[in-house]
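The opening residue of the sequence shown carries number 56 in our numbering; numbering runs sequentially from there. A virtual CB, placed ideally from N, CA and C, is assigned to each residue, including glycine. Here is the structure we will look at, set down as C-alpha cells.
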Amino acid sequence: MGRDQHIIDELARIERTCLELADGSTMPEERAGLRSLENSYRAEIEDRERGNRFTDTKLLRKFGVSA
Numbered sequence: 056m057g058r059d060q061h062i063i064d065e066l067a068r069i070e071r072t073c074l075e076l077a078d079g080s081t082m083p084e085e086r087a088g089l090r091s092l093e094n095s096y097r098a099e100i101e102d103r104e105r106g107n108r109f110t111d112t113k114l115l116r117k118f119g120v121s122a
C-alpha cells in the first residue's frame with residue numbers, strides 16, 4: 056500500500072476535479088478536454104491498481120504527478 060496508495064488517492068482526487076470542472080463547463084471543447092484528462096487519470100489509476108508499471112510517466116509529470 057503506502058506510496059502507491061497515496062499516488063492512487065491523489066490521481067483519484069485530480070480525476071474528480073476534472074469531472075466536476077467538465078460538468079460545470081459551458082464550452083464543448085473545454086468539456087471534451089477535461090473529460091479526456093479525466094479518462095487519462097482513470098486509466099492510470101486502473102493500471103496502478105493492477106500493478107501495470109508500463110504507464111505514460113511523461114504525461115503524469117506534465118500534470119505534476121510523480122510516478
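For residue i, the first and last residue of its enclosing alpha helix (DSSP H)
i, result
"G88", "83-105"
Length of the line joining the Cα atoms of residue i and residue j
i, j, result
"R97", "A67", "7 angstroms"
"D78", "G106", "30 angstroms"
"E86", "E99", "At residue 86 the sequence reads Arg, which differs from the Glu that was named. Using only the alpha carbons, I get a separation of about 20 angstroms."
"I62", "S95", "14 angstroms"
"M82", "D64", "29 angstroms"
"I69", "E104", "16 angstroms"
"R58", "S80", "33 angstroms"
Exposure of residue i, with buried meaning 16 or more beta-carbon neighbours within 10 Å
i, result
"E84", "exposed"
"E75", "exposed"
Any non-hydrogen atom of the ligand ATP within 7 angstroms of residue i CB
i, result
"L92", "This structure lacks the ligand ATP, and indeed carries no ligand of any kind."
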